[in-house]
Each structure stands twice: as structure tokens, then as C-alpha cells.
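Presented below is the structure to which this report refers.
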Amino acid sequence: MRIIDEQRGTVNLNQAREIFENSVLALNSDCVIVEGATREYSRCFVFFYQSKKFIDTGDVRAMLGGNGPVFVNREDGRVFETGSAFPVCHYVKAFEACSDPLGQLTEKVKIFSLNPGANRVRAIQSVKEKSEMGLSQAKTVIDNVQENGASYFTALTVEYAEQAVVALKESGFDSVQLWSNQC
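Following this line, the structure appears as C-alpha cells:
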């Protein structure tokens, strides 16, 4: 069930709560929302739930384990269930960056523009250093930005991709490290 504010094109808190209740709590009749724990972010609402018996009695034997926060996308009301593998802030950071709380940063980099005075030689060196490419392949990546408006490459590691974005910015190229749902 998707309920969207027709005037704004977004989901408000009450609508998000209804979506959460209809999609998650409806399947778990012995569970209730943890009142006062709901969080609002720029791109989503985050809801928490627990067993009704635990909320009512505090009996830890009735507590759910492994359930994590549930995200409701403000734009379209999509629901994302997470787990307890990471702290809530990890899931929020991923959602704010890529609209998926389970998204992970990848080794892939998208270079999408060059600024006046960009240092092409330095950019080519950065791509070469952070990937398995030879000099001519790295040059092709940078040339494609000017010719096609965008270019992609895969760094050796997630950390190298992050470093490449910084180095490319210093060279006058705008780029982003892609998330798993953007590749």
C-alpha cells in the first residue's frame, strides 16, 4: 500500500507510520511500534518495533532479537527492513546517500565533469594509481569525460575509490564513488 501526499509528492510522518503498520506490523501481529523511537531524516522515516509482551512486561524472554529499524522512503513510501548487524547510523548514512539502507560503497567511480583548468595529467595518474589500468586505459577514462560527459572506472579497493574521488577533485574533475545499487 502506498500513500503519497498528492500536493507535495512525498510521504509525511502519519502516512509513513500507516505504511509501516500495514506492511510490517500487519505481518507480525504480536509486535507493536516502539513509541517515541521513530526518527525523521531528510529522505526517510525510521521506525522500530518490538514484541508487545516485551513492551508491556519488560520480560527479556519475550524480546525480539535480530530485528532492526525499518525505513520508509519519503519520496515513494517504499519500505526497507534492516537487521541488527550495524548501528542505526550506518543504515541511515547509506539511505541518505543512495536511498537503500543496505547499500554498500563499491570500488566503482563515476567521473561526470571537468572544471576549467582541470589538470588532466594529474587525473590520469590518479586513475592509474588507484586501479589496475595502464597509462593508456587511464587516459581513455579521462578523455571519455570530455567526449561523453561521463566515464567510469573500477578502483582496486573501496578505500582506493574514495581516495580517487578526492584526488580527482584536486585535479579539477567532479566524481562520485558509487553505491551497490547505483552500479
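The sequence shown stops at residue 183 when you use this note's numbering, and every number in between is there. The C-beta atom is built at its ideal place from N, Cα and C for all residues, glycine as well. This structure is a prediction, so every number in the text was calculated from the model and none was measured.
Looking at the structure shown, is residue i part of a helix, part of a strand, or coil, going by DSSP?
i    : result
V34  : coil
N14  : helix
L178 : strand
S126 : helix
E40  : strand
C89  : helix
V141 : helix
S264 : The chain is shown from 1 up to 183; residue 264 falls before or after that span and cannot be answered.
V24  : coil
L64  : coil
On the DSSP bridge list, what partners appear for residue i?
i    : result
V72  : F45, V79
T154 : K108
Q50  : V32
F240 : As displayed, the chain neither begins before 1 nor continues past 183, which places residue 240 out of reach and without an answer.
S131 : A155
When the distance is taken between beta carbons, is residue j closer than 8 angstroms to residue i?
i    : j    : result
I111 : A138 : no
P69  : Y91  : yes
G77  : I19  : yes
F47  : V72  : yes
A123 : I142 : yes
Between residue i and residue j, what straight-line distance do the alpha-carbon atoms span, to the nearest angstrom?
i    : j    : result
R43  : N148 : 31 angstroms
G172 : Q104 : 26 angstroms
T154 : N181 : 15 angstroms
F45  : L168 : 34 angstroms
S131 : Q177 : 13 angstroms
T140 : S175 : 16 angstroms
F80  : V158 : 24 angstroms
S136 : G117 : 22 angstroms
R39  : D30  : 22 angstroms
D185 : Q163 : Nothing about residue 185 can be reported from this structure: the residues present for the chain run from 1 to 183 only.
V166 : E107 : 14 angstroms
L25  : T10  : 22 angstroms
V32  : F95  : 24 angstroms
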